[in-house]
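Step one of this worksheet: look at the structure below.
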Amino acid sequence: MAALSTLSAPDVRAAKRLVIKIGSALLVDRVKGLKQGWLSALALDVAEAKVRGTDVVLVSSGSIALGRMILGLPAGPLTLEQSQAAAAVGQIRLARAYEEVLAPHGITTAQILVTLEDTEDRRRYLNSRATMETLLGLGVVPIVNENDTVATDEIRYGDNDRLAAQIAVTAGADQLILLSDVDGFYSANPKEDPTAERFDIVETITPEIEAMAGDPISGLSKGGMKTKLMAAKTAVAGGCAMAIMEGSTLRPLKALAEGANRTWFVAQGDPQVARKRWINAMKDRGRVQVDAGAVVALRAGKSLLPAGVVVVEGSFGRGEPVAIIGPDGVALGRGLIRYTSDEARAIAGHRSGDIAAILGYEGRAALIHRDDMVV
């Protein structure tokens with residue numbers, strides 16, 4: 132065994148918010164279909180995590196693999212249209228499978244389908260984050276997958292490793308577990324090089340580490356070690372530790388907690404600090420000046436409500452960064468605003484309860500939520 136860090140490994144049982152990525156090869160047998168026994172065992176892991184108070188998000192592959200079996204599509208590469216048709220059929224089966232195994236544990240599930248555009252566009256990003264936060268606050272386990280029925284190459288992640296990392300950052304998770312067909316990150320492909328060493332912990336992803344990544348091993352999985360390293364870079368930069376482990380064993384999270392082989396990539400800070408750093412590095416698209424009462428509320432950790440806004444300057448869209456200015460003209464901080472500049476001007480100085488009457492639709496109570504703000 133090897134290690135590139137003297138730090139101790141994270142404990143999955145201590146996670147506050149956990150994202151688990153499940154690959155197609157773990158979930159679907161090419162001949163028999165859905166691996167029901169394995170999925171039921173995973174549900175026990177999820178249920179135990181929920182009992183500990185951990186929020187859980189599942190990023191699951193498998194819709195195309197399931198759909199192509201149901202449709203009787205031939206083996207080999209599928210056309211884009213065939214893949215999207217298979218996904219449309221498979222997504223229903225996949226969502227139902229998770230619902231059926233988690234419901235006996237008293238767990239409600241929700242399906243979230245996303246594309247690369249949803250996380251690159253700030254407005255969609257904020258909407259996705261708000262929806263995820265609401266679901267988790269209600270105790271729901273979201274089942275996330277790429278929306279293969281509409282995604283084309285230019286708006287695809289292309290693999291669920293990177294999607295899982297982005298979801299982990301969006302959700303503010305502190306741990307991400309990639310259940311894979313290998314038991315960690317190796318110095319070379321262990322199926323081709325018997326001298327390859329597995330790393331227990333990687334503190335920093337160096338060019339040397341990146342050079343060790345190989346190609347996909349499984350015939351069903353698209354993501355090889357290169358995509359897993361890309362996922363790790365996204366996750367750890369967002370304050371989320373990431374583990375790669377072999378997931379075919381029953382109760383993989385239990386096995387991880389009990390010392391199963393794995394590689395942990397160490398988080399750079401915590402999710403909230405990383406998010407604040409990201410927001411603080413943005414270029415302002417406008418300014419909102421607030422009154423003295425709002426200054427007190429913001430410094431106490433509250434969200435910015437429309438009632439506390441005196442002046443709105445600039446032209447900006449939803450989700451774009453704006454400077455927050457005090458009554459003395461001094462900058463207080465920066466935040467991602469939930470309304471366009473025109474909308475913000477219309478509701479400035481008004482109570483949140485008046486937003487619907489002013490704009491003609493029910494908007495969000497906060498102009499800038501405290502989670503999207505640096506003060």
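The opening residue of the sequence shown carries number 132 in this note's numbering; numbering runs sequentially from there.
Every residue gets a Cβ at the ideal spot worked out from N, C-alpha and C, and that includes glycine.
The bridge partners DSSP lists for residue 191 are 153. In terms of Cα proximity to residue 425, the closest of 504, 416, 417, 435 is 435. By the beta-carbon neighbour count (other beta carbons within 10 angstroms, threshold 16), residue 227 is exposed. Non-local beta-carbon contacts of residue 242 in its own chain, meaning distances under 6 Å to residues more than five positions away in sequence, involve 226, 274 in chain order. Membership of residue 213 in the alpha helix (DSSP H) is indicated by the continuous run 211 to 233.
A Cβ-Cβ distance of about 7 Å is found for the pair residue 176 and residue 383, placing them in contact under the 8 Å criterion.
Here residue 415 has 452, 453, 454, 465 as same chain residues with Cβ atoms under 7 Å from its own Cβ, once five neighbours each way along the sequence are excluded. Between the alpha carbons of residue 368 and residue 335 lies a gap of roughly 10 Å. Membership of residue 456 in the beta strand (DSSP E) is indicated by the continuous run 452 to 456. Non-local beta-carbon contacts of residue 410 in its own chain, meaning distances under 8 Å to residues more than five positions away in sequence, involve 452, 465, 466, 467, 503, 504, 505 in chain order.
In the displayed model, residue 394 falls within a strand according to three-state DSSP. Taking C-beta atoms as the reference points, residue 194 and residue 218 count as a pair closer than 7 Å. Of all alpha-carbon atoms in 153, 474, 476, the one lying nearest the alpha-carbon of residue 277 is that of 153. Secondary structure note for residue 440: it is in no alpha helix (DSSP H), and the uninterrupted beta strand (DSSP E) holding it is 440 to 445. In the three-state DSSP reduction, residue 168 falls in the helix class (H, G or I).
In this structure residue 180 is not in contact with residue 158, their Cβ atoms being roughly 18 Å apart against a cut-off of 8 Å. Here the alpha carbons of residue 469 and residue 499 stand approximately 6 Å from one another.
For the pair residue 333 and residue 357, the Cα-to-Cα distance works out to about 15 Å. Boundaries of the alpha helix (DSSP H) around residue 291: 291 to 302. Rounded to whole angstroms, the Cβ separation of residue 391 and residue 399 is 25 Å, and the two are not in contact under 8 Å. In this structure, 401 is the residue among 401, 444, 168, 479 with its C-alpha nearest to the C-alpha of residue 299. Our two residues, residue 443 and residue 311, have alpha carbons roughly 49 Å apart in a direct line. In this structure residue 305 is in contact with residue 147, their Cβ atoms being roughly 5 Å apart against a cut-off of 8 Å. Within the same chain, and ignoring the five residues on either side of residue 169 in sequence, the residues whose Cβ sits closer than 8 Å to its Cβ are 157, 158, 379, 381. The beta carbon of residue 257 is closer than 6 Å to those of 450 in its chain, skipping five residues each way along the sequence. For the set 314, 417, 294, 377, the Cα lying nearest the Cα of residue 364 is the one of 294. Nearest to residue 233 by C-alpha distance, out of 142, 171, 188, 431, is 171. The C-beta distance from residue 371 to residue 307 rounds to 5 Å, short enough to fall under 8 Å. Going by beta carbons, residue 373 and residue 366 fall inside the 7 Å limit. Judged by beta-carbon spacing, residue 441 lies within the 7 Å limit of residue 422, meaning their Cβ atoms are closer than that value.
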